[in-house]
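Here the sequence shown stands for residues 486 to 800, where the numbers follow the working numbering. By construction, the Cβ of each residue, glycine as well, lies at the ideal position given by its N, Cα and C atoms. Written out below as structure tokens is the structure these notes cover.
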Amino acid sequence: MKFIPYTQDEKFILKENLEKNGIKEEFSNTLFDYARFLKVLDLWNLENKVNHIINLLIKLFIESGATLHKLDLNFPACLELKPVIFYVLEENKQFFSRIQHLCLGQISDNLIGSAATLLKALAKSTTKISTIELQWVEWWLYYGIISALESQKNSLQEVILDNCDFSAEFEVLNKCKNLETLRIRNCTTRLLKLLDYKVSTLEVVDLQNYAMPLVFEKSGKLLQRLKLELDGEFRDESVLLELLLEALKSFCPNITYLSIQGIGFSTQLVELIGNLQNLQFLSLWCDDFDDIPEEILKLRVIQFSEKLPFNIEIF
Numbered sequence: 486m487k488f489i490p491y492t493q494d495e496k497f498i499l500k501e502n503l504e505k506n507g508i509k510e511e512f513s514n515t516l517f518d519y520a521r522f523l524k525v526l527d528l529w530n531l532e533n534k535v536n537h538i539i540n541l542l543i544k545l546f547i548e549s550g551a552t553l554h555k556l557d558l559n560f561p562a563c564l565e566l567k568p569v570i571f572y573v574l575e576e577n578k579q580f581f582s583r584i585q586h587l588c589l590g591q592i593s594d595n596l597i598g599s600a601a602t603l604l605k606a607l608a609k610s611t612t613k614i615s616t617i618e619l620q621w622v623e624w625w626l627y628y629g630i631i632s633a634l635e636s637q638k639n640s641l642q643e644v645i646l647d648n649c650d651f652s653a654e655f656e657v658l659n660k661c662k663n664l665e666t667l668r669i670r671n672c673t674t675r676l677l678k679l680l681d682y683k684v685s686t687l688e689v690v691d692l693q694n695y696a697m698p699l700v701f702e703k704s705g706k707l708l709q710r711l712k713l714e715l716d717g718e719f720r721d722e723s724v725l726l727e728l729l730l731e732a733l734k735s736f737c738p739n740i741t742y743l744s745i746q747g748i749g750f751s752t753q754l755v756e757l758i759g760n761l762q763n764l765q766f767l768s769l770w771c772d773d774f775d776d777i778p779e780e781i782l783k784l785r786v787i788q789f790s791e792k793l794p795f796n797i798e799i800f
């Protein structure tokens, strides 16, 4: 059933007829203003109704013949997937068969089993996922979840890890033969040390970047696109910054895209830029200009400009 709002002319005629019968009422934008009639509110019952409707919608989507290209899974505490969902998924494998992008977010404690079951059903239905994004997943929730994605090792091209704890299960990512892009944001240093980094695109954001020289050594000549956002503590460690820049200069000469935020405008940085002969795009956010004497800063800027390739884009 579908309720269509009255037009202004219809409202005027209806209001006129009502007033003739002694009824004076102002109309809301919709035909019925349900909230005005609310006397009792039961949040538990409302949550159950909403959960029931969500399950009905998911069941309808699956049975209608839909084929997803992207799946974003977040499991709030109020969501409880009914057994019938897993049954219809088994009967309608086309629903997951073309998924290319999978995003897995926060999982409530009581829904770990449902999440693992759902991912196992997905693993049976497709081997074509090219991008996997994991957000805010705690280490004790990983059991069976990452392993369920091992079937994607031949298709996976991009992995995004955002605010994830360390888990040995992430080692399965080292089996991905065609992995090209790895983005690690706000994760633990132990996770950095676990991965092989045989990728052409690497993004590392707000980590305790003590493992970065090792990361660059693992990446080597394969690395072409690099984005670094250094955390506040790391910026103050001049020795560690020198090690990072020296490792980048020594092991990764083929970089064409470089973006670094939160780094000092040092002579080591200038030398690095001069060493990257294939550099085409450069974005720097240096935050220590006020600490450098004016004459030294001018000289360093001149040296920096002389080392830049002619065809480079700077932002």
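With His554 as the anchor, note down where its alpha helix (DSSP H) starts and where it stops.
Note, His554: premise wrong, no alpha helix (DSSP H); not H, not E.
How should Ser768 be labelled, buried or exposed, when 16 other C-beta atoms within 10 angstroms of its C-beta is the threshold for buried?
exposed
Got a sec? Which residues, its chain only, sit under 7 Å from Thr602 by beta carbon, not counting five neighbours each side?
Phe571
Thr666 lies in the beta strand (DSSP E); which residues open and close that run?
Thr666 to Arg670
Return the first residue and the last residue of the alpha helix (DSSP H) that Phe701 is part of.
Met697 to Ser704
Does DSSP put Phe546 in a helix, in a strand, or in coil?
helix
How far does the alpha helix (DSSP H) with Val644 in it reach, from first residue to last?
Per DSSP, Val644 belongs to no alpha helix (DSSP H); it is in the beta strand (DSSP E), Glu643 to Asp647.
Selection from Ala600, Asn595 and Phe581 that minimises the alpha carbon distance to Leu589:
Ala600
Under a Cβ-count criterion, where at least 16 other Cβ atoms within 10 Å of its own Cβ denotes burial, should Ile787 be classed as buried or exposed?
exposed
Leaving aside the five residues before and after Lys555 along the sequence, list all residues of the same chain whose C-beta is less than 6 Å from its C-beta, in chain order.
His586
Leu707 versus Gly749: straight-line alpha-carbon distance, rounded:
26 Å
Alpha carbon of Ile617 to alpha carbon of Asn739, nearest angstrom
26 Å
Nonlocal neighbours in the same chain, by C-beta distance under 7 Å from Cys771, ignoring five residues either side
Ile748, Gly749 and Phe750
Cβ atoms of Ile669 and Glu688: under 8 Å apart, would you say?
yes
Would you mind working out which of Phe546, Glu727 and Thr552 sits nearest Lys613, comparing C-alpha positions?
Thr552
Outcome for Ile464 when other beta-carbon atoms lying within 10 angstroms are tallied against a minimum of 16
Missing from the structure shown is residue 464; the chain here goes from 486 to 800 and no further.
Is Gln746 helix, strand or coil when you go by DSSP?
strand
Please name the residue in Ile592, Asn796, Glu780 and Asp691 whose C-alpha comes closest to that of Leu566.
Ile592
Is the CB-CB distance between Leu558 and Ile539 below 8 Å?
no
Kindly indicate which three-state DSSP category Phe789 falls into: helix, strand or coil?
helix
Is the beta carbon of Gln753 closer than 8 Å to that of Glu727?
yes
Could you tell me which residues DSSP pairs with His586 in its beta bridges?
Lys555 and Thr616
Quick one: what's got a C-beta closer than 7 Å to Arg675's C-beta in the same chain, skipping five residues either side?
Phe651
How big is the Cα-Cα spacing for Leu641 and Glu575?
23 Å
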